[in-house]
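**Student:** First residue of the sequence shown? That's 452 in the working numbering, and the numbers climb one at a time after it. Before I ask anything, let me first share the structure, which is written out below as structure tokens.
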Amino acid sequence: MALEFDSEVQTASFHSPLAEFDLVDVDVEVREDPLTGRQARIVPESFLLPEDDPNIEAVVGDDEGCFFCPGSVEEVTPEYPEWMDQDRGAWAKPPRSRT
452 MALEFDSEVQ
462 TASFHSPLAE
472 FDLVDVDVEV
482 REDPLTGRQA
492 RIVPESFLLP
502 EDDPNIEAVV
512 GDDEGCFFCP
522 GSVEEVTPEY
532 PEWMDQDRGA
542 WAKPPRSRT
């Protein structure tokens, strides 16, 4: 019996910090592992490579445009539409408390 890999393209909507927090739609491919039933989401646009080698000194030497630098996370993290719950549809269970 051959394994069948299921996938479907869905549209994700969020307020993107890269578009001045305007609401944007991005196609996301949802793939399901036929053995485990676990799902993965693939965003093809995120795999685009730069045409030129990046200037590492310019990137590291300046906090501007740095998504993970202190003080930036709250300002550049995407915001989701109000109708979407805080878990954003996550299916994974939260980790158990060790207490």
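We put the beta carbon where it would ideally sit given N, CA and C, even for glycine. None of these values were measured; they are calculated from a predicted model.
Apart from the five residues on each side of it in sequence, which residues of its chain come closer than 7 angstroms, Cβ to Cβ, to aspartate 478?
**Tutor:** Val460, Thr462
**Student:** Excluding five sequence neighbours on each side, which residues of the same chain lie with their C-beta closer than 6 angstroms to the C-beta of arginine 482?
**Tutor:** Ser458, Ala491
**Student:** Less than 8 angstroms separating the beta-carbons of proline 505 and proline 468?
**Tutor:** Not closer than 8 angstroms, so no.
**Student:** Would DSSP call alanine 463 helix, strand or coil?
**Tutor:** Residue state for alanine 463 is assigned as strand, using DSSP reduced to three classes.
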